[in-house]
Amino acid sequence: MLKFMFMLVLTLFLSDVDLLLMSLFILGILYFISYSNMNVYIFGFEDQFSWLMIILSIYVVILSILAGKEMKISKIFLFLNLKLLLFLYISFSTSNFMMFYFTFESSLIFIFLIVSGWGYHYNRLKASLYLLFYTLFFSLPMLIGILFFLKNYDLSFFFMKYSNDLFEKLFLISIVLGMLVKIPMWGIHLWLPKAHVEASASGSMLLAGILLKLGGYGLWRINVILNLNEYWMMLLFIFLMMGSIIICLECLMQSDLKTLIAYSSVCHMGPVALMLILGYSYSWASGGYMMFAHGLSSCGLFYLSGLIYSRFSTRSTYLLGGCLAYFPKFSMWWFIFCSVNLGAPPFLNLFSEIMTYMMMYLYSYVMLLIFMTLSFFSAAFSLYLYISINQGMPNFSYKGYNPEEIVDNFILFMCLYPLVSYLII
Numbered sequence: 004m005l006k007f008m009f010m011l012v013l014t015l016f017l018s019d020v021d022l023l024l025m026s027l028f029i030l031g032i033l034y035f036i037s038y039s040n041m042n043v044y045i046f047g048f049e050d051q052f053s054w055l056m057i058i059l060s061i062y063v064v065i066l067s068i069l070a071g072k073e074m075k076i077s078k079i080f081l082f083l084n085l086k087l088l089l090f091l092y093i094s095f096s097t098s099n100f101m102m103f104y105f106t107f108e109s110s111l112i113f114i115f116l117i118v119s120g121w122g123y124h125y126n127r128l129k130a131s132l133y134l135l136f137y138t139l140f141f142s143l144p145m146l147i148g149i150l151f152f153l154k155n156y157d158l159s160f161f162f163m164k165y166s167n168d169l170f171e172k173l174f175l176i177s178i179v180l181g182m183l184v185k186i187p188m189w190g191i192h193l194w195l196p197k198a199h200v201e202a203s204a205s206g207s208m209l210l211a212g213i214l215l216k217l218g219g220y221g222l223w224r225i226n227v228i229l230n231l232n233e234y235w236m237m238l239l240f241i242f243l244m245m246g247s248i249i250i251c252l253e254c255l256m257q258s259d260l261k262t263l264i265a266y267s268s269v270c271h272m273g274p275v276a277l278m279l280i281l282g283y284s285y286s287w288a289s290g291g292y293m294m295f296a297h298g299l300s301s302c303g304l305f306y307l308s309g310l311i312y313s314r315f316s317t318r319s320t321y322l323l324g325g326c327l328a329y330f331p332k333f334s335m336w337w338f339i340f341c342s343v344n345l346g347a348p349p350f351l352n353l354f355s356e357i358m359t360y361m362m363m364y365l366y367s368y369v370m371l372l373i374f375m376t377l378s379f380f381s382a383a384f385s386l387y388l389y390i391s392i393n394q395g396m397p398n399f400s401y402k403g404y405n406p407e408e409i410v411d412n413f414i415l416f417m418c419l420y421p422l423v424s425y426l427i428i
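This is the structure we're talking about:
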């Protein structure tokens, strides 16, 4: 890991071509390191889930740096990405709950600076403050809950244990809410669309690719002390699944591309949270693979929406359309990532959804039926996203526009490659 950190420090002094070559080198190394065949001991942990999240963090940060090639004050932007990666590395590898909380919340500072400093509109500061204070509102009760556990128990994830005491359950609920607001769960997700709309393509890639995964990872780590009975599990399931279905319906009514993609993240992270809380090894694997796949597919979709806005100065589905006739290669990328988003073969998303279907079938037929409904609406808004951009007639002329360059194709390919490379690992 220190080797990767050293290489990223060097990016502060490299040109765009050198940066592209170094990224190719690092991504090549990551490909040959198969996380399925190694256990990594870091800060007291020896598991593949932490390693998977660390790999995802390195991958997304590199793609974010490449996507920010047109950013002003690029050295500061690179520095913020590097510091964010350091805190993410500690978050995904520490065995101490307090250290996890510190790095968990500190990562918001760097996201805040990236969104407010390199956003598209004058409202970016307002959106970044909304992100900061909305999440901190749930963070303070979470800190009180952690301090309570610090007083009464060991804060190591290995030695935390479940208690039937009502007072302790209230503190545990505060910790769970602090995790769910980062995922985010329906009802406490209102900060996400605002942050994505005002953020640059790089900022949105970091938000969707990494920040949302911190909440899921935290839920997985505290699973040992949740121990929900069947009644509470079913109640939580209905809330998460129905919330995701409502978000899917909202996606079908959106006219802004980034808002639609941001809401789709909320839709996909609901089943992820449920699988991580369920407590079975296969449900954990399903949630982990879905987090990894969603992190890369959402990066590709946000980068595509950023290309559209930077070239055409609009993200409105009412104005866009007909890209298939004018830019067939660009339209192909939209087709691929919309297919990934709806869980089409042969992508990793389908594999994780099949595992989720298996867990739903084993746990409850009602859960299976609701999840099938969610999958249907998820496919519906993915098709709506593709059709609104590529079919029909545009309301302005595309002549003289070049929506993609070589580096754009490279970034999109690298977002896609891990989603199919699992077939040959």
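Numbering follows the numbering used here, in which position 118 of the sequence shown is assigned residue number 121; successive positions increment by one, without gaps. Glycine included, each C-beta is placed from N, C-alpha and C at the ideal position.
Any 3 or more C-beta pairs closer than 8 Å across the segment 373–382 and the segment 265–281
A contact exists between the segment 373–382 and the segment 265–281.
Tell me whether D411 sits in a helix, a strand or coil according to DSSP, three-state version.
On the sequence shown, residue 411 is found 408 positions in, with the first residue counted as 1. If DSSP states are grouped into helix, strand and coil, D411 belongs with the helices.
Buried/exposed call for M358, threshold 16 Cβ in 10 Å
Numbered from 1 along the sequence shown, position 355 holds the residue referred to as residue 358. Per the 10 Å Cβ criterion, buried.
Proximity of N130 and E201 at Cβ, strictly below 8 Å
The residue you call residue 130 lines up with position 127 of the sequence shown. The residue you call residue 201 lines up with position 198 of the sequence shown. According to the sequence shown, residue 130 is Ala rather than Asn. Yes, Cβ-Cβ distance for A130 and E201 is below 8 Å.
Assign N352 to one of two classes, buried (16 or more other C-beta atoms within 10 Å of its C-beta) or exposed (fewer than that).
For the purposes of this step, residue 352 is taken as the residue at position 349 of the sequence shown. N352 comes out buried.
When DSSP labels each residue in this structure, what does S342 get in the three-state scheme?
Position 339 of the sequence shown, counting from 1, holds the residue named residue 342. Of the three classes helix, strand and coil, the one that applies to S342 here is helix, per DSSP.
Within 10 angstroms of its Cβ, does K197 collect 16 or more other Cβ (buried), or is it exposed?
On the sequence shown, residue 197 is found 194 positions in, with the first residue counted as 1. It is buried - the Cβ of K197 has at least 16 other Cβ atoms within 10 Å.
Distance, Cα to Cα, M363 vs I373?
Working through the sequence shown from its first residue, we reach residue 363 at position 360. Working through the sequence shown from its first residue, we reach residue 373 at position 370. M363 and I373 have their C-alpha atoms some 9 Å from each other.
Pair every Cβ in the segment 308–319 with every Cβ in the segment 240–251, then say whether three or more of these pairs are closer than 8 Å.
Because the criterion of three Cβ pairs below 8 Å is not met, the segment 308–319 and the segment 240–251 do not touch.
Do you know how far the Cα of G219 is from the Cα of V184?
For the purposes of this step, residue 184 is taken as the residue at position 181 of the sequence shown. For the purposes of this step, residue 219 is taken as the residue at position 216 of the sequence shown. For V184 and G219, the distance between alpha carbons rounds to 10 Å.
Can you pull the DSSP bridge partners for D259?
Along the sequence shown, read from residue 1 onward, the residue named residue 259 stands at position 256. D259 pairs with S319.
Contact set for G148: own chain, Cβ-Cβ below 6 Å, skip 5 residues either direction:
Counted from its first residue, the sequence shown places residue 148 at position 145. If we look at G148 and ignore the five residues flanking it on each side, its Cβ neighbours are F174, S177, I178.
Under 7 Å Cβ to Cβ from I186, same chain only, skipping five residues before and after it: list those, please.
As a first step, residue 186 must be located in the sequence shown, where it is residue number 183. Contacts found: L215, G218, G219, M272, A276.
Spell out a yes or no on whether the segment 249–269 and the segment 283–290 are touching, meaning 3 or more CB-CB pairs, one atom from each, closer than 8 Å.
Segments in contact, no.
Leaving aside the five residues before and after G303 along the sequence, list all residues of the same chain whose C-beta is less than 7 Å from its C-beta, in chain order.
Here residue 303 refers to the residue found at position 300 when the sequence shown is read from its first residue. Its chain contains F340, L415, C418, L419 as the residues whose beta carbon lies nearer than 7 Å to that of G303, once the 5 sequence neighbours on both sides are disregarded; these appear in chain order.
Counting C-beta neighbours from all protein chains within 10 Å, is the total for E408 16 or more, i.e. buried, or is it exposed?
Residue mapping note: residue 408 aligns to position 405 of the sequence shown, counting from 1. Result: exposed.
Taking Cβ to Cβ, would you say N226 is nearer than 8 Å to C326?
Translated into positions along the sequence shown, residue 226 becomes position 223. Translated into positions along the sequence shown, residue 326 becomes position 323. No; because the gap between Cβ atoms is not below 8 Å, this pair is not in contact.
Going straight from the alpha carbon of T376 to that of T106, what length do you get?
Looking up residue 376 in the sequence shown gives position 373. Looking up residue 106 in the sequence shown gives position 103. Per the coordinates, the alpha-carbon of T376 lies some 37 Å from the alpha-carbon of T106.
Going by C-alpha to C-alpha distance, which of K332, M370, S308 sits closest to A70?
Residue mapping note: residue 70 aligns to position 67 of the sequence shown, counting from 1. Selected option, being the one with the closest Cα: S308.
Cα separation between W235 and L81?
For the purposes of this step, residue 235 is taken as residue 232 along the sequence shown, with counting starting at 1. For the purposes of this step, residue 81 is taken as residue 78 along the sequence shown, with counting starting at 1. CA-to-CA, the gap between W235 and L81 works out to about 44 Å.
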